[in-house]
Amino acid sequence: MDFLKLYFRSQTYKVLKSDQQANMLSHCYLISSKDKVLLDEIGINAVKQICCLKEDKPCNACVNCSKIEHGNMVDLEIYPKDDKSLMVDDILKVIDSAYIRPMENDCKIFLLKNFDKCTIQGQNKILKTLEEPPANVIFFLTVQNIGNVLPTILSRSKRIEESGLPIDIISQFLKSQNVLDAELIASMSDGLITTALNIAENKDAREIINLALHLCENFNSTKDLLYFSSQILSLKKDIPFFLDTLVAMFRDISVCESSQNLLFKNLKEKFINLSKVYTSQMIQKIILLINQVSYKLEVNCNMTGVIDQLLLDILEVKFLCQK
Ligand SMILES: [Zn+2]
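For the sequence shown, the numbering used here begins at -3 and goes up steadily by one.
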């Protein structure tokens, strides 16, 4: 499951394929997705699909596909050059260049990434070129937030919306990239490759998992409260990830004896021991408490107070629902 396989699942692939078959390519495609990493891949693969010389496009192997891959395609211009915002200067270069004929291919292609980050002024500048496009030019605009694109631009583009990916696809993708705990990370990714890779690259992820396990195993009295509270609070921006991990762990504990599909497969033995401590009634209540905390953190409640209260509530549940 590499990026090319992900591309074949995309809406963009389907739309371009049918437009190519009908010989009705649009002069401007606006592709939107919340998934930044996937969006960049879709953008470049869309260009390959247009230029590919093979029957099954994009092949990722022909001369044109490899020129695009290596940035040597003269009739392709990608803006912005770095990962910054698209500037008015970039737009002016695009407009000038759009009227120069393609040199090697049938058409000239402009891939304008992060078009939603372009200023209103910049968007207005390119409007006329999109209204009366030069012959043999195709624009691809990629956006994460379609709300930032002028309605006049939207109405002159063919819009393609990419939705989030199924968790099992993300999991397969992560496994192909040799990411540890692929299933767990996929389950926390909200269907976005970008989020999944961010979690995977977070060096502290392993420590966060260990802290969650430590809490499940060793949080037994108010004496432990200060320690766990300070450990959790020190995670700062990773606190939501910690809470998600904790919920995933408790879910695993509640089903570990019967299920083969644990997220933390390597912790199964430990979970079987923990399932002797945590009744399913306890776990249900604890998960409910954690989910309420996740909500409170989203609306910016006092972090310390919320975490301390959660820990006290967990102790209370453990005490009241003892086996
Ligand atoms: Zn090709």
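Where a beta carbon is used, it is the ideal one built from N, C-alpha and C, also for glycine. These figures come from a predicted structure and were not determined experimentally.
- The closest heavy atom of ligand 1 lies 7 angstroms or more from the beta carbon of A42.
- Taking L0 as the centre and dropping the five residues before and after it, the same chain places the C-beta of N56 closer than 6 angstroms to its C-beta, in chain order.
- The same chain holds no residue with a CB closer than 6 angstroms to that of D79 once the five nearest residues on each side in sequence are set aside.
- In this structure, S81 sits near C114, with a CB-CB distance shorter than 8 angstroms.
- Non-local beta-carbon contacts of E37 in its own chain, meaning distances under 6 angstroms to residues more than five positions away in sequence, involve F(-1) in chain order.
- Per DSSP, the beta-bridge partners of F136 are Y25, L107.
- Cβ neighbours of E158 within its own chain (closer than 8 angstroms, five residues either side excluded): S6, Q7, T8, I27, S28, S29, D31, L34, L35, I38.
- With contacts defined by Cβ atoms closer than 8 angstroms, T191 and S185 form a contacting pair.
- The three-state secondary structure of I228, taken from DSSP, is helix.
- Spanning the alpha carbons of D71 and I166 requires a straight line of approximately 33 angstroms.
- Taking 7 angstroms as the cut-off, one finds no heavy atom of ligand 1 near enough to the beta carbon of L259.
- Assigned with DSSP and collapsed to three states, I156 falls in strand.
- Following the DSSP letters along the chain, one finds E197 inside the alpha helix (DSSP H) bounded by residues 189 to 197.
- Short note on N60: C-beta closer than 7 angstroms to some heavy atom of ligand 1.
- P76 has its Cβ no nearer than 7 angstroms to any heavy atom of ligand 1.
- In this structure, N68 has its beta carbon at no less than 7 angstroms from each heavy atom of ligand 1.
- According to the DSSP assignment, I74 belongs to the beta strand (DSSP E) that extends over 72 to 75.
- In the DSSP annotation of this structure, T275 is not part of any alpha helix (DSSP H), being labelled neither H nor E.
- Relative to the non-hydrogen atoms of ligand 1, the Cβ of K53 comes within a distance shorter than 7 angstroms of at least one.
- Less than 8 angstroms separates the beta-carbon of G187 from that of G160.
- Using a Cβ distance threshold of 8 angstroms, K121 and I87 count as a contacting pair.
- Its chain contains L180, S183, M184, L259, F260 as the residues whose beta carbon lies nearer than 8 angstroms to that of A244, once the 5 sequence neighbours on both sides are disregarded; these appear in chain order.
- By the C-beta criterion, the region 193 to 205 is judged not to be in contact with the region 251 to 258, since fewer than 3 inter-stretch pairs fall below 8 angstroms.
- V145 is not a Cβ neighbour of Q117, given a cutoff of 8 angstroms.
- For N174, the shortest separation between its Cβ and any heavy atom of ligand 1 does not lie below 7 angstroms.
- Sequence-distant Cβ neighbours of Q318 in its own chain, meaning closer than 7 angstroms and more than five residues away, do not exist here.
- In the displayed model, C48 falls within coil according to three-state DSSP, outside both helix and strand.
- Contact between L242 and L211 holds: their C-beta atoms lie close to 7 angstroms from each other, under 8 angstroms.
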